[in-house]
Amino acid sequence: ACTNNGGKARRVVTAALVGVLSVGAVPAIALATGTGADVELQAVEQEHEVTIREATRGLYSSSSAEEGETFSTGYLYPTEILVDGETLKVDKGEYDVEYVPSDAVLSASDETVTTGQPTDGLVVGWWYRIGQGTTFQFNGTLTPAQADAYFSGQLIATNESGSTSYAVNPVKGAYAARVTTNQTDKADAGITADFSFKIGTPAASTEVRAYYGDTANSKIVFNGTNMLQSGKAANSVCFVDEQGNDVTPSGSVTWTKANGDVARGVTAPGTYTASFVSGGEQYSVDFTVEALDLSEATVSYDDTPNAPRDSDAFLAGLQVNGRTVNARLAGYLQVDSVTPNSWSSKGEKTVVVSANESALRAAGLDGAVVSSGSLKFAVLDDDVFVSPGIDDAKVMYGDREITNRIDVDLYEGETFDASRLSVVLDGKTYKGDQIQVIVPDGTDFGKTGRARIKVRLAPITGEMGSVLGGTKTITVNLSGATLDANQRLYFYLDGELAGNAKTVTYDGSDWLDRLEVVVKNADGEELDPSTYEVEVTKLGKKVDSIVDKGAYNVKVTGKTFTFDNAVDADFDLTVEAVKVAKAEVVADLTAGGKDYLTWTGEELTPTFTFYTKIDGKDVEVEVPAEAYEVTYNLQKVDSDGNAISTPDKTDVELKDEGAYKPVFETALDVENYDLDNVTTEYVYVTKKGVFLDVPAGEWYSQAVYDAATNGYMNGDGAGYTFSPMRELTRAEAACVLFNMAGGDALYGNLPGYNEYTGTYETGFSDVTGNEFYAKAIAWAEQTGVINGYADGTFGVSRKVTNEEFTCMLANYAKAKGEDVTVEDADATLAEYPDGSAVSDWAKDSVAWAVEAGVMGKGSAISPAGSILRMRAATMVVNYQPEKATDQVLVPVQPNRQ
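Here it is, written out as structure tokens:
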């Protein structure tokens, strides 16, 4: 099923008026990048919950798609939706689909046509033709067939008569698949909901960010102006790609707030989206304008010979984050104090500036400026960088004179080091505390880009007591190397080279922990991870893990270098849902190829074992109970009680005796498991047991059934009872082991058989040769599986203890040539509270049975206790689930001299 991250996308919609769109009317839809559009059509008061359940990558595609996805080929085609939890399918005619381009797409469409040349996008009122077929006039929406032609590049712009032809290029941007239910006999008829998707992504610059001022500055801060202008203006938010290249809008920019409203006037703190076209590509860039926090911002005022006359003049020349404040921002600030308390006196002063809250409140900009900041500036006699007669005033970076720019090669390991800056004046060097380096807040010197800083010489006293100082602006140019992503970037998944894309199956783990990114330089040396950033997105949103179903993009961006092929500088990891192929009920008993559950008189809720297909083989997979819904059909049966494919009743309680067919469906809001095509076998509810005294639901029932079916053990008397709680005798133990080895079917007459009397001479005084157990005892002695006692008896009626029977079974395994040794018998037996009670002569055999799983998972061994028939059945079936087909133990003529 096709679902969104964290559950299905939900929106509240109301029943829409039929025919709400007239010809030429374009629906206004707000589409946020990577999310569904919330649509509210005020028609009736009844509200419904509508979600996409499944979608494909086009009308004729079988590949799955997700709402909010960006398509380079194909588009979103919903095939199933949920309305208030009810599944509706488009192939059953339960709803209609049409396509709506966003305003940005329509505004980017080409209103003019050059003969013979393709035209971009769709224009309301124009005529179009699907290939050589139907002609239609575009009214703002497309049918699925029209949309398929448009998105696949097969749509033709023409005229009403169809006499002209111009190829149409689909415009990259936001679209919506609009679904409208059409079940006229139900209350949910006419419900409409929009599901968004995008066409295309900028191929050469998948990571575009907004900035204001210097490209190295990561913050955009409130400054009291409208920062959202068209084009690349000095006073506007601008855009740059990950290589540091400007991305300049080729036309107007649509600026919207988080609530979808168009942004106008002063740019207040908040989240915005810029939509524009550049180089033929449609961009949508999200960014945040932060409040101006004077305690964190870089606040400065250039030292000057011209003292400000008052606080207003001072604020007019104040600089925040490297830029002189505009008149409006100056009005939102106030001077709290100036020390010494004189603007005109020569020398250094300390000024405290804070937010003018009353002015902000009056402008409706509460919180746009917060806190307060302190700065120092000086009223000079001479500015050493501009005053005539001041010689040799220069800024140095190490031993290099800097006139206006410092170049830093990040890829070669260079870093910008402010401590290397100094000012040389009249042959004397000033550095450390004698200078101040002013850096705009948010500047990152670890990334490629440019940053403007200021170097201030703290006021000094010159000849004749004059006050000298000054400030010089320097540009720091942060450059890096260009690497070929195809040759220098490697993605490893689970230790194996994975290329640039991989599809995996959900398993509950974080695939990001299993993904390794390696970047190498031209010499093949791995670069330190601190020189690049790894960002993971899902549907355009940043995430910090890769767990749930969906398409993820892992993007590598160099801090000290750039890739020359940005298309290959990322890794696409698709996590698919676990497709469950088969489910088997955990039965109380399996007999004759049928799974049985014991009738209790109450509704049964069995558990299941699930399997998925891997390389054509069934592989068990864990599926949580909340991931599926299971219903049961009561099946018709034939004269032998076997289920046939025709159901008698559907969706019934699993309760009464009969044959049932489990039917699985993926639970609502579950995205990581797909149980919509699970195959199952019939389940039989029965009151009958294996034997009259062995109910079907006991822990030993299956073993008793298997032991009887394989011929290892028989029932008592007429075979209707098994006596599971009866103690096993030595004679019976010999019969059980003999039957395991194949019994009469594999062993004819054994040594010691008297064909005249039809009896066996066993050599044991208490074994009569014609007893039912005589041949089995003869076989047991001749194979070394069971020995007699020193007094010449076998002890046919003696009860067998648990440890004795275990030794007999170990002897049977050894006689077959199996290794029954254990490394540390005492350590193995120590896991049981009565392990120390095992006799020394039996330790190795009992420890083997424990390690081999022969003894099961009981809480105690009870070594000296008599073994019950039910436990004996369980042990022999655990050791040998299927009866022998070859003579694996060869009897040897005993030497009784």
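Note that the sequence shown ends on residue 1240 in my numbering; no numbers are left out.
Note that the Cβ used here is the ideal one computed from N, Cα and C, for glycine as well.
Quiz prompt | According to DSSP, residues forming a beta bridge with Val964 | solution = Phe953
Helix, strand or coil: which one does DSSP assign to Met1151? helix
*asked:* Looking at the secondary structure, which residues open and close the beta strand (DSSP E) in which Leu672 lies?
replied: Careful: Leu672 lies outside any beta strand (DSSP E), inside the alpha helix (DSSP H) at 670-674.
Review point. Can you tell which of Val973, Asn896, Gly1106, Thr413 has its C-alpha closest to the C-alpha of Pro949?
Key: Val973
| task | Using only alpha-carbon positions, find the residue among Val522, Asn1057, Met570, Ser873 that is nearest to Thr631. | result | Met570
Below 8 Å between beta carbons: does that hold for Ile803 and Val819?
-> no
- Query: Which stretch, first to last residue, makes up the beta strand (DSSP E) that contains Thr747?
  - Reply: Before going on, a small fix: residue 747 reads as Asn here, not Thr. Per DSSP, Asn747 belongs to no beta strand (DSSP E) and is neither H nor E.
Skipping 5 residues on each side, what residues in its chain have a beta carbon closer than 6 Å to that of Ala1227?
Ala1084, Gly1085
Could you check if Ile957 is buried or exposed, using at least 16 other CB atoms within 10 Å of its CB as the buried criterion?
exposed
Would you say the stretch 548-565 touches the stretch 784-793, given that touching needs at least three Cβ pairs under 8 Å? yes
By a C-beta neighbour count over all protein chains shown, 10 Å radius and 16 as the cutoff for buried, is Ala500 buried or exposed?
buried
Are at least three pairs of beta-carbons, each pair with one atom in the stretch 1062-1073 and one in the stretch 1134-1154, less than 8 Å apart?
-> yes
Practice problem: Would you check if the distance between the CB atom of Ser445 and the CB atom of Gly516 is smaller than 8 Å? | Solution: yes
Next on the checklist: Helix, strand or coil, according to DSSP, for Ala519 in the structure here?
Outcome noted: strand
- Please classify Met739: does DSSP put it in a helix, a strand, or coil? strand
When DSSP labels each residue in this structure, what does Lys1226 get in the three-state scheme?
coil
Fill in: Spatially closest choice to Val678 from Asn664, Ala656, Ala601, by CA coordinates
Ala656
Going straight from the alpha carbon of Thr955 to that of Asp850, what length do you get?
-> 12 Å
Check for me: the beta strand (DSSP E) holding Tyr939 runs from which residue to which? 937-941
Which of helix, strand or coil does DSSP assign to Phe788? coil
For Glu624, which of Arg743, Asn1097, Gly464 has the nearest alpha-carbon? Gly464
Do Phe1065 and Ala1123 have their beta-carbon atoms positioned less than 8 Å apart in this structure?
no
**Message:** Buried or exposed, going by whether 16 or more other CB atoms sit within 10 Å of the CB of Trp1042?
**Reply:** exposed
Ordered along the chain, which non-local residues of its own chain (more than five positions away) have a Cβ less than 6 Å from that of Pro1206?
Asn1145, Glu1146, Ala1180, Val1181
**Prompt:** For Phe1137 versus Val1163, is the C-beta distance shorter than 8 Å?
**Reply:** no
- Beta-carbon of Tyr895 versus every beta-carbon of chain C: anything under 8 Å? Structure shown: chain C not included; a single protein chain is present.
(message) For Val847, report the span of its beta strand (DSSP E) as first-last.
(response) 844-848
| query | Is it buried or exposed for Ser701, if we count other Cβ within 10 angstroms and need 16 for buried? | reply | exposed
Check: Out of curiosity, what's the CA-to-CA distance linking Leu811 and Val642?
Finding: 21 Å
**Prompt:** In whole angstroms, what separates the C-alpha of Thr462 from that of Arg472?
**Reply:** 14 Å
For the beta strand (DSSP E) that Lys898 lies in, which residues bound it at each end?
-> 893-901
Go ahead and label Cys763 buried or exposed: buried means 16 or more other beta carbons lie within 10 angstroms of its beta carbon, across all protein chains shown. Looking at the sequence itself, residue 763 is Arg, so the reference to Cys does not match. So Arg763 counts as exposed.
Determine the extent of the beta strand (DSSP E) in which Ile312 is found, giving its start and end residues.
Look at the range of the chain in this structure, 344 to 1240, and you will see that residue 312 is not part of it.
Query raised in the report: Per DSSP, Thr1253 is paired with what?
Result: The shown model of the chain, from 344 to 1240, leaves out residue 1253, and the question about it has no answer.
Cut-off 6 Å between Cβ atoms - residues of its own chain near Lys815, not counting five sequence neighbours on either side:
Phe728, Val738, Val798
- prompt: Which runs of the beta strand (DSSP E), 3 residues or longer, sit entirely within the stretch 836-886?
  reply: 844-848, 858-862, 875-881, 884-886
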